[in-house]
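Asks: Residue numbers (numbering that gives the first Met the number 0): 0 to 368. From the three backbone atoms N, C-alpha and C, an ideal C-beta is built for every residue, glycine too. To start, I am sharing the structure in question, which I have written as structure tokens.
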Amino acid sequence: MKIFCNRSQLQHAVQTVQKAVASKTPLPILTGIYLEAKNDKLELQATDYEIGISCTIDANIEQPGAIVLSGRYFQEMVRKLPGESIEISTSTEERTIKITAGNSQFNLLSLPAEEFPVLRQINSENPIIVKDYCLRELIKKTVFACANDEARPIFTGGLLEIKDQEIRLVATNTHRLALKKDSLESGSDQMKLIIPAKILSELARLLVGEDAQDVTLSWQKNQVGIAFDNVYIISRLIEGQFPDYNKVIPPSYTTTIEINTDEFLAAVERVSLLAKDGEYNVAKFNFTNDEVIITSNNPDVGKAYETVNATLSGNGLEIAFNAKYIIDILKNIDSENIIFSLNTELSPACITPDNDSNYTYIITPVRTN
């Protein structure tokens, strides 16, 4: 194998696939990055069997071939090599790869390429096509609400649901629920996939192109394939029945409060400085006619008290929440004001942007003495 390629393009490709390199595994081959050169293209792959990522770049190929290099050392090497062009070639020594750039030359031991579990793209009969900015927004607005507890794996992923011409992403840890929906440009078959949160987060990180592009979703059995630009991601799906989230969303509310998003966020963050040292990070919210009073009481530290102007419709109410759950949603709302909707001090509440009916956040209150 002997190829020449652009260093910055190679660095981008290595960074793209690096997240799928296994760090803790009894299989040394999974700690490597697979490189295959053919047809003027260099494809890089990495997988830990949970997620696999492939990225393809242009290359000048004098001799095609496939090799596997240490993910850790190859990434560092490419990042620090000088110049704009890199040569990668197989040395006469067995299992040794020569990497040359400018005045630098490295000889890196390789792993047996035939042992690498090469990714095979999923071919589904009715793939879904969605714009990258739409999918990125769906993930950003919901993935933070997924559970971290592996004891309940069904909640460690987001439910991607497609029906008619609407796409939805739902995430919950049973104490809160985030739902974001958008419309698709073309109709599609119904679909429900539970995708692991860490895969969704990685996908959002990669969907950062300046120009709008299509993302193609294909699936079969317990896997989903995601293709865009020069990247392909394959991930396992979480198997099981996602609960009916519609039952969690109250049909109506007796009290609604309009509050400035930034002012409310700043106040809750300040109050939570004392609350977060406690076991449940609890803050109390007293909604009155023209303001919301936010308090926390930590016997070991002290008390906090804040007021924020608000416009209330309905009855006043005092209710307690995990302050972190309030902060998380406020950081993901782009509108100037939010609408806080409530029924009683013990029933689920709802937070929505005042200008986006497609975004809903449900939060369960905390019982206090």
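Taking Arg200 as part of the alpha helix (DSSP H), name the residues at either end of that continuous run.
Replies: Within the sequence shown, numbered from 1, the residue matching residue 200 stands at position 201. According to the sequence provided, residue 200 is Ser. The question's Arg does not apply to it. Ala196 to Leu205 is the span of the alpha helix (DSSP H), which, as asked, contains Ser200.
Asks: Per DSSP, what are the beta-bridge partners of Arg167 in this structure?
Replies: Within the sequence shown, residue 167 is the residue found at index 168, counting from 1. Beta-bridge pairing links Arg167 to Glu160 and Lys180.
Asks: Excluding five sequence neighbours on each side, which residues of the same chain lie with their C-beta closer than 8 Å to the C-beta of Ile121?
Replies: As a working note, residue 121 is residue 122 in the sequence shown. Excluding residues within five positions, the ones whose Cβ falls inside 8 Å are Ser217, Trp218, Gln219, Gln222, Val223, Gly224 and Ile233.
Asks: Return the CA-CA distance between Glu42 and Ser356, expressed in angstroms with no decimal places.
Replies: The residue given as residue 42 occupies position 43 in the sequence shown. The residue given as residue 356 occupies position 357 in the sequence shown. Near 42 Å, if we compare the C-alpha coordinates of Ser356 and Glu42.
Asks: Go ahead and label Tyr304 buried or exposed: buried means 16 or more other beta carbons lie within 10 angstroms of its beta carbon, across all protein chains shown.
Replies: Counted from its first residue, the sequence shown places residue 304 at position 305. Exposed is the call here.
Asks: Rounded to a whole number of angstroms, what is the C-alpha to C-alpha distance between Ile337 and Ile96?
Replies: By one-based count along the sequence shown, residue 337 stands at place 338. By one-based count along the sequence shown, residue 96 stands at place 97. Their Cα atoms are separated by approximately 57 Å.
Asks: Which residue or residues does DSSP assign as beta-bridge partners of Thr46?
Replies: Counted from its first residue, the sequence shown places residue 46 at position 47. According to DSSP, which records beta bridges pairwise, Thr46 is partnered with Gly51.
Asks: Measure the alpha-carbon distance for Gly101 versus Val77 and round it to whole angstroms.
Replies: Locating residue 101 in the sequence shown gives position 102, where the first residue counts as 1. Locating residue 77 in the sequence shown gives position 78, where the first residue counts as 1. The alpha-carbon atoms of Gly101 and Val77 are separated by roughly 12 Å.
Asks: Is DSSP giving Glu136 helix, strand or coil here?
Replies: Here residue 136 corresponds to residue number 137 of the sequence shown, with the count starting at 1. Note: Glu136 maps to helix in three-state DSSP.
Asks: Where does Lys79 sit, in a helix, a strand or coil, going by DSSP?
Replies: Reading the sequence shown from its first residue, position 80 is the one you call residue 79. In this structure, Lys79 counts as helix in the three-state DSSP scheme.
Asks: On a Cα-Cα basis, can you pick out the residue from Glu184, Leu159, Thr155 and Ser185 that is closest to Thr173?
Replies: Mapped onto the sequence shown, residue 173 falls at position 174. Nearest of Glu184, Leu159, Thr155 and Ser185 to Thr173, Cα basis: Thr155.
Asks: Leaving out five residues on either side along the sequence, give the residues of the same chain with a beta carbon under 6 Å from the beta carbon of Glu287.
Replies: In the sequence shown, residue 287 corresponds to position 288, counting from 1. Contrary to the premise, residue 287 reads as Thr rather than Glu in this sequence. For Thr287, where only same-chain residues beyond five positions count, the Cβ hits under 6 Å are Gly315.
Asks: Thinking C-alpha only, which one of Val365, Thr351, Ile361 and Lys302 is nearest Ile318?
Replies: If you number the sequence shown from 1, residue 318 lands on position 319. Out of Val365, Thr351, Ile361 and Lys302, Val365 has the C-alpha closest to the C-alpha of Ile318.
Asks: Over the uninterrupted beta strand (DSSP E) stretch that includes Thr359, give me the two end residues.
Replies: Within the sequence shown, numbered from 1, the residue matching residue 359 stands at position 360. First-last of the beta strand (DSSP E) with Thr359: Tyr358 to Ile362.
Asks: Within a Cβ cutoff of 8 Å, which residues of the same chain sit near Val307, ignoring the five residues on either side of it in sequence?
Replies: The residue labelled residue 307 in the question sits at position 308 within the sequence shown. Same-chain partners within the cutoff: Ile258, Asn259, Glu262, Phe263, Ala266, Glu290, Val291 and Ile293.
Asks: Between which two residues does the beta strand (DSSP E) carrying Asp213 extend?
Replies: The residue you call residue 213 lines up with position 214 of the sequence shown. Here the beta strand (DSSP E) through Asp213 covers Asp213 to Gln219.
Asks: In whole angstroms, give me the CA-to-CA distance for Arg135 and Asn354.
Replies: Reading the sequence shown from its first residue, position 136 is the one you call residue 135. Reading the sequence shown from its first residue, position 355 is the one you call residue 354. Taking the straight line joining both Cα atoms gives about 19 Å.
Asks: What is the rounded straight-line gap between the Cα of Thr253 and the Cα of Ile350?
Replies: Walking along the sequence shown from the start, residue 253 turns up at place 254. Walking along the sequence shown from the start, residue 350 turns up at place 351. For Thr253 and Ile350, the distance between alpha carbons rounds to 14 Å.
Asks: Could you have a look at Ser334 and say whether DSSP puts it in helix, strand or coil?
Replies: In the sequence shown, counting from the first residue as 1, residue 334 sits at position 335. Ser334: coil per DSSP, three-state reduction.
Asks: For Ala150, count neighbouring C-beta atoms within 10 Å of its own C-beta (all shown protein chains included) and say buried if the count is 16 or more, exposed if not.
Replies: The count along the sequence shown starts at 1 and reaches residue 150 at position 151. Result: exposed.
Asks: State the start and end residues of the unbroken alpha helix (DSSP H) segment that holds Ile96.
Replies: Here residue 96 refers to the residue found at position 97 when the sequence shown is read from its first residue. Per DSSP, Ile96 belongs to no alpha helix (DSSP H); it is in the beta strand (DSSP E), Thr95 to Ala100.
Asks: Just verifying my parser: in three-state terms, what is the DSSP assignment at Val142?
Replies: Indexing the sequence shown from 1 puts residue 142 at position 143. Val142 falls in the helix class under three-state DSSP.
Asks: Is it the case that the CB of Thr254 approaches a heavy atom of the ligand GTP more closely than 7 Å?
Replies: The ligand GTP is not part of this structure, which contains no ligands at all.
Asks: Looking at C-alpha atoms only, which residue of Gly157, Glu184, Ala196 and Thr46 is the closest neighbour of Asp163?
Replies: Your numbering for residue 163 matches position 164 in the sequence shown. With distances taken between Cα atoms, Asp163 lies closest to Glu184.
Asks: With which residues is Leu341 paired in a DSSP beta bridge?
Replies: Residue numbering aside, residue 341 sits at position 342 when the sequence shown is read from its first letter. DSSP lists Thr254 as partners of Leu341.
Asks: Are the region 63 to 77 and the region 107 to 126 touching by the rule of at least three beta carbon pairs closer than 8 Å?
Replies: Cβ pair count under 8 Å is three or more, so yes.
Asks: Establish whether the CB of Pro347 and some CB of chain B are separated by less than 8 Å.
Replies: Of the chains in the structure shown, none is chain B; there is only one protein chain.
Asks: What are the boundary residues of the beta strand (DSSP E) that Ile233 is part of?
Replies: Against the sequence shown, residue 233 aligns to sequence position 234. Where Ile233 is concerned, the enclosing beta strand (DSSP E) stretches over Val230 to Arg235.
Asks: Taking the alpha-carbon of Glu124 as reference, which of Val20, Thr359 and Thr215 has the nearest alpha-carbon?
Replies: For the purposes of this step, residue 124 is taken as the residue at position 125 of the sequence shown. Closest option to Glu124, Cα to Cα, is Thr215.
Asks: Going straight from the alpha carbon of Glu165 to that of Cys145, what length do you get?
Replies: Position 166 of the sequence shown, counted from the start, is the residue given in the question as residue 165. Position 146 of the sequence shown, counted from the start, is the residue given in the question as residue 145. When rounded, the distance between both Cα atoms is 21 Å.
Asks: Could you say which of Thr30, Lys179, Cys54 and Gly31 lies nearest to Lys40 if we only look at CA atoms?
Replies: Here residue 40 refers to the residue found at position 41 of the sequence shown. Closest by alpha carbon: Cys54.
Asks: Assuming Ile138 and Leu110 are in contact, meaning their beta carbons sit under 8 Å apart, how far apart are those beta carbons, in whole angstroms?
Replies: By one-based count along the sequence shown, residue 138 stands at place 139. By one-based count along the sequence shown, residue 110 stands at place 111. The Cβ separation is near 33 Å, so there is no contact.
Asks: Hey, how far is the Cα of Val13 from the Cα of Asp47?
Replies: Position 14 of the sequence shown holds residue 13. Position 48 of the sequence shown holds residue 47. Distance between the alpha carbons of Val13 and Asp47 is about 15 Å.
Asks: Quick one: what's Gly301 bridged to in DSSP?
Replies: In the sequence shown, counting from the first residue as 1, residue 301 sits at position 302. Per DSSP, Asn297.
Asks: Tell me whether Arg6 sits in a helix, a strand or coil according to DSSP, three-state version.
Replies: For this step, residue 6 is matched to residue 7 along the sequence shown. Helix at Arg6.
Asks: Check the C-beta distance from Leu206 over to Asp131 and give it rounded, since I have them as a contact under 8 Å.
Replies: Within the sequence shown, numbered from 1, the residue matching residue 206 stands at position 207. Within the sequence shown, numbered from 1, the residue matching residue 131 stands at position 132. Contact flag correct, Cβ pair sits at about 5 Å.
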